[in-house]
Structure formats: C-alpha cells, structure tokens
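Just below is one structure, and these are the notes that go with it.
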Ligand SMILES: Cc1cc2nc3c(=O)[nH]c(=O)nc-3n(C[C@H](O)[C@H](O)[C@H](O)COP(=O)(O)OP(=O)(O)OC[C@H]3O[C@@H](n4cnc5c(N)ncnc54)[C@H](O)[C@@H]3O)c2cc1C
C-alpha cells in the first residue's frame, strides 16, 4: 500500500520530515490543496503570495516530473479533499508536517478523525521548527514566557544533542509514477481560482532561497550591527522563503552555527525567536484574539479611521513611518527595524488598536506568519509575553536619525522629501517641503496620552 504526503507551508523536496518518512515507508504521492477558506479571505486577486506559492509548486513539479511523477493539486476544503483522495488512492498513511496555527490545528484534527474512520493513519511530523513546545521547558517543566531564558535553554538542548542537525533526505525515486492533466503547469490554476499572476521581487522556490542563503553567508559576520539599517541590505531577506518552507529550519540552523562570529550568534538568535513565537502560539492560542497578558485588553485605544488610514497609506507626516508604509504597500516587505517603528507609532502615537495594524500586516506582508506577526505586534504594543514595557515609546524622529542617518531610505520612498539634506529630512520644515503632508498628530502630546491610557494597568496592579 502506498502513502500520501500532504504539503502545505513546506514547499520543497529536500530535508522534509514528512516526505522523507512517507518515501521511506512506501511509494508516495504528493498533494497540495488550495484551501478555499483561506483563498476566500484574500480580497486582493493580485495577491503576490499566491504567485509565490504557484512558483514554488512549479519548481517542485519540474523536479518530480523528472522522476516520472507529478503533484496532485486540489481546490476545496482539505477536510473533505484529503480523506477523499486518500481513499481513492487506497493509501495506508497520510503524512504531513505539523502546523501550530489554531485554524490549521483544528483542520488537521478533523482530517485525522475522518482518516481514522476510513482506517487510514494520519502521521504528523515536526518540521517547521527546530524545537517544539515540550522540548524546551523550564527546569520545573513549565513553559517559558520570556525569551532570553528560553533561548539559553534552546541552546543547551541543542548542545545536549551534540549539535546534531537532522537531515530528512528524500529519495524521490520512490514517488508514484503517474501523469497529471491538472498539474500546476498543465492546467490554468490562476483561472480556476480566480486570481491573477502577480510576481514580486522575491520569486518563489528553493533555488532562489538557497542562493539567498549562500549570498547572505559572507554577510552574516556583520549582521549584529548591519541588521539595523533599512537602507542597506544587512539581513538575509529569507523570511518569505522560510514562511513557505522553500528552505528548512535545519538549513537555517546549519548556516547559523557554521560560523562563530557575533553576527552568526545574533542571526541564530532570530531563528530561535521564530521557534519561541511558534511555541507561544501553540501553547497560548488566545493571543490571536487579544493580548497575551489578558489585563491589557482593558486598554481602550481612542484612535479612529482617519489616523489608521493616514498610517496605512503612508501619509502621517512622519517621514520614516511613511517611507516604511509605502515600501510595504508596494513591495509586500518591510525591514524589521521599521516594523517595530511603525507598529509602535500606530498604537502608541496614533493611539490606534494594535490589532488593526496586525490585521493590515497580515494582508500585506509577503512573509506573513501568524506567530511572528502576532508576536511582533504584541511586543510593540507591550501586551505580549516578554514585550517591551509600555512606557517605552519609540520616538519616530530619533529612530529615523539613528537608523537612516543619511535619509537614504526616506528619500527612496518619499519623493516629496528627496531634495532635503540628511539633517532636514527626518523632521521636515513645512516651508521647505510644501508638497509633503503635515504631521497628523503631535508626537510629544500623544506620548503623554499614551502613558495615561496604559496607566489604568498600573492602578490595577496597586
Ligand atoms: C510588528 C512586527 C511584525 C512582524 N511580522 C512578521 C511576519 O509576519 N512574518 C515574519 O516572518 N516575521 C515577522 N516579523 C519579524 C521580522 O521583522 C521579520 O522576520 C524580518 O524582518 C524578516 O527579514 P529577514 O528575512 O531579512 O530576517 P533576518 O534578520 O535575516 O532573520 C532571519 C529569520 O529569522 C526570523 N526572524 C527574524 N526576526 C524575527 C522575529 N522578531 N520574530 C520571529 N522571527 C524572526 C525570520 O524567519 C527571518 O527570516 C515581524 C516583526 C514585527 C516587529
């Protein structure tokens, strides 16, 4: 009897835990389902993420075709589609990699139950994180809520394995041989799904991911410092590939532990942040509905639609914020430093509920990942686990001066200010930049209002 490997956010054919297991067991068919519930929520029919997925699947299809196989592509509800296909093919096991998002966990539970009723096993593997929830616990067996001790324990656990990084190799010779008239390349899937081909600057697929990782390798040494400056490419720009699994987390850990530099240590630490937020989402799914620290749900943000729209459109009158938001709107990407700046600005300067910003990022980011996005927003809003204290409010002017000292990033995205010099550009004089919007709020004033808003929590603590 054969096996089925259901790929989701793990679009690659190497170092793949579920695929490796399936291929070792018996002849394997790979399937991908365009989930109509997920696609139905995407308002923009030019969504670049769909094209990224299509390109990743096309790359995979080219490789499996060379082995006489194909990838079954389906469209519908996976809870119906996977058990139906499994029974049609008469497989003994359906393999997939674990996903920690609440929707995915619920969906997989339902799929597993249906398969069980059909006498088919459902086998889920750890793949998208290096360590899962029960693998990094406090000495008392509890769950970490603070990053640094979690990171230390993560490293301890890694060292305890002798720094062993598994490689789930995939013998594609064991794929089921068949021809597929509705493969990702043979059939008009864009038409069938009602979407349009919309390429981004970051093309999908493992070849691009691996090239990016290789290009980043010599730069890693400078990462600890270089990662802070949006105008110069000091980070790996791998997040969209990581999100879709074009590259494995073990590839990342391998790259991050190859060097001994401070830069490599800092980069590995970011990969550990990623594991940390996946673990938090898995253990505390309430974070998708509100604050990790539930008492913070009592903070009522007065900012309304005008403030939110000015932020979303990059028209706040704060150059660094506007540059970052315009970059996001056009490219689907934003530098980490700027994500922190604009997130803080939305909730602590414009006083708009952080959940609105989280939702906007979810719609726009090519690398949107529920765990990292929610973690990043809750950190910025001070509502999360291990978040910055609420009285730490990013000053958009000093952040701009510090991290875009020459104003290069601003000049690239806010042409109204391109003529200003490095001293003038961070806080432009309206007389010198008449074409640029005036600040929608006064930072110092709203800083005080923000502290007042959050102060209700202090009262509760006393
Ligand atoms: C408000 C906010 C929202 C965010 N939303 C997302 C999101 O939706 N998807 C996403 O992947 N990251 C998110 N991040 C984290 C971070 O900004 C991006 O991972 C990073 O900018 C991606 O660029 P890079 O690949 O060049 O990262 P690098 O600096 O090269 O880091 C390597 C990888 O480590 C991981 N990583 C880095 N920083 C973090 C972090 N703080 N938390 C979790 N993982 C991290 C990512 O997978 C990243 O690709 C968010 C951060 C904030 C403050």
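Residue numbers (our numbering): 394 to 855.
Note that the Cβ used here is the ideal one computed from N, Cα and C, for glycine as well.
The structure presented is a predicted model; accordingly, all values stated were derived computationally and were not measured.
A distance below 7 Å between beta-carbons, with the five flanking residues on each side excluded, links residue 705 to the following residues of its chain, in chain order: 718 and 753. Distance between residue 469 and residue 475, taken at the CA atoms: about 10 Å. Residue 421 is a Cβ neighbour of residue 395, given a cutoff of 8 Å. Secondary structure at residue 769: helix, using DSSP grouped into helix, strand and coil. The way I'd put it, the region 584–596 does touch the region 427–439; three or more beta-carbon pairs between them come closer than 8 Å.
For the region 763–844, the continuous alpha helix (DSSP H) assignments of 4+ residues that do not extend past its boundaries occur at 763–774, 789–796 and 801–806, in sequence order. By the CB criterion at 8 Å, residue 425 and residue 400 fall inside the cutoff.
Rounded to the nearest angstrom, the gap between the Cα atoms of residue 492 and residue 501 is 9 Å. As computed with DSSP, residue 666 is found in no beta bridge at all.
For residue 850, the secondary structure class from DSSP, reduced to helix, strand or coil, is helix. Apart from sequence neighbours up to five positions away, the residues of its chain that approach residue 759 with a beta-carbon distance below 7 Å are 441, 442, 445, 593, 595, 633, 725 and 726, ordered along the chain. The Cβ atoms of residue 613 and residue 657 sit closer than 8 Å to each other. CA-to-CA, the gap between residue 710 and residue 670 works out to about 33 Å. The DSSP assignment places no complete alpha helix (DSSP H) segment of no fewer than 4 residues inside the region 544–577. Counting along the chain, residue 466 sits inside the beta strand (DSSP E) bounded by residues 464–469. Taking one beta carbon from each stretch, the region 740–747 and the region 772–780 have 3 or more pairs nearer than 8 Å; the two touch. When C-alpha distances from residue 786 are compared across 743, 583, 827 and 809, the shortest belongs to 743.
Here the distance from the Cβ of residue 625 to the nearest heavy atom of ligand 1 is not below 7 Å. Here the region 793–804 does not lie against the region 560–567, with fewer than 3 beta-carbon pairs under 8 Å apart. For residue 704, the Cβ stays outside the 7 Å cut-off from all heavy atoms of ligand 1. When secondary structure is reduced to three states using DSSP, residue 513 falls in the coil class, being assigned neither helix nor strand. As a beta-bridge residue in DSSP terms, residue 487 pairs with 397 and 515. Counting only the Cα atoms, residue 837 lies some 13 Å from residue 845.
The bridge partners DSSP lists for residue 425 are 466.
Contact between the region 515–523 and the region 633–646 is present: 3 or more CB-CB pairs across the two stretches fall below 8 Å. Scanning the region 572–629 from its first residue to its last, the whole alpha helix (DSSP H) runs of 4-plus residues come out as 582–586, 599–609 and 616–619. Residue 598 is positioned such that its CB atom lies closer than 8 Å to that of residue 449.
In the three-state reduction of the DSSP assignment, residue 677 falls in the coil class, being assigned neither a helical nor a strand state. Within the chosen limit of 7 Å, ligand 1 reaches the beta carbon of residue 670 through at least one heavy atom. DSSP places residue 533 outside both helix and strand once states are collapsed to three, so it counts as coil. For residue 734, the secondary structure class from DSSP, reduced to helix, strand or coil, is helix.
For ligand 1, a non-hydrogen atom lies closer than 7 Å to the CB of residue 769. Taking C-beta atoms as the reference points, residue 487 and residue 397 count as a pair closer than 8 Å. Residue burial is scored here from C-beta neighbours: residue 557 has fewer than 16 other C-beta atoms within 10 angstroms and is therefore classed as exposed. A residue is called buried when at least 16 other Cβ atoms come within 10 angstroms of its Cβ; residue 623 meets this threshold and is buried. Residue state for residue 457 is assigned as helix, using DSSP reduced to three classes.
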